[in-house]
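Each residue of the sequence shown is one higher than the last, beginning at 637 in the working numbering. To start, the structure itself, in structure tokens.
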Amino acid sequence: MNIGYDITGYIISGLGVGGIIGGMIAGFLSLHFNLRSLVLSANILRIIVFAGFIIFPAPIGYFSFFMMKEILGGIWNVCYNIYSITEIPNDYIARVSALSGILK
Numbered sequence: 637m638n639i640g641y642d643i644t645g646y647i648i649s650g651l652g653v654g655g656i657i658g659g660m661i662a663g664f665l666s667l668h669f670n671l672r673s674l675v676l677s678a679n680i681l682r683i684i685v686f687a688g689f690i691i692f693p694a695p696i697g698y699f700s701f702f703m704m705k706e707i708l709g710g711i712w713n714v715c716y717n718i719y720s721i722t723e724i725p726n727d728y729i730a731r732v733s734a735l736s737g738i739l740k
């Protein structure tokens, strides 16, 4: 299946820079790692980044952590959406997507 990670990142991010960069990185990373481990790793790294806001309360720290948060968010969004598309049976994709949108 040929899935455009960058296009998925553009759509999910609303053409935001973090989502675009995350979408491009997700395509590269998915060649070396499976999507399940990428989703889990991105979530763990996002927790570490959120802890960084408390540990380094300086303007440069805030800028750096916000950029990392945006890029990791883009990676997570793209990998999670493509993982769910590939793992969920076609009959249920629309239902799961609708429920996911309602719960957000």
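A virtual CB, placed ideally from N, CA and C, is assigned to each residue, including glycine.
Assuming residue i contacts residue j (C-beta within less than 8 Å), just tell me the rounded distance between them.
i	j	result
residue 721	residue 661	That belief does not hold up - the Cβ atoms of residue 721 and residue 661 are roughly 19 Å apart, past 8 Å.
residue 688	residue 701	5 Å
residue 719	residue 685	The pair is not a contact, with the Cβ atoms about 21 Å apart (cut-off 8 Å).
residue 682	residue 705	6 Å
Quick one, which of the options has its alpha-carbon nearest residue i's?
i	options	result
residue 668	703, 715, 699	715
residue 672	729, 697, 712, 731	712
residue 653	734, 728, 703	703
Fill in: Secondary structure, beta strand (DSSP E): runs of 3+ residues fully inside the stretch 649-699
Listed in chain order, nothing qualifies, since the stretch 649-699 has no complete beta strand (DSSP E) run of 3 or more residues.
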